[in-house]
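Read through the structure below, which is laid out as structure tokens, and then see the notes.
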Amino acid sequence: MIGIILALLAGLLMSVQGVFNTRVMDSSNMWATNSWVHLTAFITSIGIWFFSGREDLFSVFSVENKVYLLGGVIGAFITYTVIKSISGLGPAFATMLILIAQLVVSCLIEALGLFGTEKLCLEWSKLIGVILMIAGIIIFKK
Numbered sequence: 000m001i002g003i004i005l006a007l008l009a010g011l012l013m014s015v016q017g018v019f020n021t022r023v024m025d026s027s028n029m030w031a032t033n034s035w036v037h038l039t040a041f042i043t044s045i046g047i048w049f050f051s052g053r054e055d056l057f058s059v060f061s062v063e064n065k066v067y068l069l070g071g072v073i074g075a076f077i078t079y080t081v082i083k084s085i086s087g088l089g090p091a092f093a094t095m096l097i098l099i100a101q102l103v104v105s106c107l108i109e110a111l112g113l114f115g116t117e118k119l120c121l122e123w124s125k126l127i128g129v130i131l132m133i134a135g136i137i138i139f140k141k
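Per numbering that gives the first Met the number 0, numbering of the sequence shown is gapless, rising by one per residue and ending at 141.
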């Protein structure tokens, strides 16, 4: 149950963040906005780390596959693409396309067992669900 609540909260926060970031960019520029977003995220994360137990901060470097350390780099490009898509398409349509892309890629990651995830069978019901989501986007746009 906590997973469902946190997933819904993540979706809510990502939607609001995308719009906030787009509004900041309106009065600034893309890379200043992106830098601000990640600087404030860094400060927030360090603050939470400082007050929540202070486990070894550098243990992140003990991850076996060092490519996983590129999450922040990917995050910079996520922020860029979200801002640009929201400013070009509007929050609702951009979010729908972002969600369908996330779902398709996540299903592929699970089906192929990529990045250390458990390999799961791609079921027809998941494929039908994706098709229904795409149909929903088409209906939404009409």
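Glycine included, C-beta positions come from ideal geometry on N, C-alpha and C.
8 Å Cβ shell around L68 - same chain, five flanking residues per side excluded: The residue you call residue 68 lines up with position 69 of the sequence shown. Residues of the same chain with a CB within less than 8 Å of the CB of L68, apart from the 5 flanking positions on each side, are V59, F60 and V62 in chain order.
Limits of the alpha helix (DSSP H) - the one that T32 falls within: Within the sequence shown, residue 32 is the residue found at index 33, counting from 1. Its alpha helix (DSSP H) spans residues M29 to F50.
V36 burial status per 10 Å Cβ neighbour count (16 or more: buried): On the sequence shown, residue 36 is found 37 positions in, with the first residue counted as 1. Its Cβ being crowded by 16 or more others within 10 Å, V36 is buried.
Inside the segment 39–127 only - alpha helix (DSSP H) runs reaching at least 4 residues: Complete alpha helix (DSSP H) runs here, min 4: 70–88 and 90–111.
Validate contact between the segment 68–84 and the segment 29–43 using beta carbons, cut 8 Å, 3 pairs: yes
Nearest-angstrom Cα separation, counted from S14 out to S84: Mapped onto the sequence shown, residue 84 falls at position 85. Mapped onto the sequence shown, residue 14 falls at position 15. The straight-line gap from Cα to Cα measures roughly 12 Å.
Cβ pair M24, I82 closer than 7 Å: Position 25 of the sequence shown holds residue 24. Position 83 of the sequence shown holds residue 82. For M24 and I82, yes; Cβs fall inside 7 Å.
The segment 121–136 / the segment 104–113 touching (three or more Cβ pairs under 8 Å): yes
Nearest-angstrom Cα separation, counted from F49 out to V137: As a working mapping, residue 137 is identified with position 138 in the sequence shown. As a working mapping, residue 49 is identified with position 50 in the sequence shown. What sits at residue 137 in the sequence shown is Ile, not Val. For I137 and F49, the distance between alpha carbons rounds to 46 Å.
Nearest-angstrom Cβ-Cβ length linking I133 and I99, presumed shorter than 8 Å: Here residue 133 refers to the residue found at position 134 when the sequence shown is read from its first residue. Here residue 99 refers to the residue found at position 100 when the sequence shown is read from its first residue. With 8 Å as the limit, I133 and I99 qualify as a contact, their Cβ atoms being about 6 Å apart.
Where S14 falls: helix, strand or coil (DSSP): Looking up residue 14 in the sequence shown gives position 15. Helix at S14.
G74 versus F57 - alpha carbon distance: Counting from one through the sequence shown, the residue named residue 74 turns up at place 75. Counting from one through the sequence shown, the residue named residue 57 turns up at place 58. In a straight line, the C-alpha of G74 is about 20 Å away from that of F57.
For F19 and V103, the rounded distance between their alpha carbons: Translated into positions along the sequence shown, residue 103 becomes position 104. Translated into positions along the sequence shown, residue 19 becomes position 20. So the two alpha carbons sit approximately 26 Å from each other.
C-alpha distance - G52 paired with I45, whole-angstrom precision: To locate residue 52, count along the sequence shown from 1; it is residue 53. To locate residue 45, count along the sequence shown from 1; it is residue 46. Each residue's Cα considered, the two are about 11 Å apart.
Own chain partners of F114 with C-beta closer than 7 Å, once the 5 adjacent residues on each side are dropped: Walking along the sequence shown from the start, residue 114 turns up at place 115. If we look at F114 and ignore the five residues flanking it on each side, its Cβ neighbours are I108.
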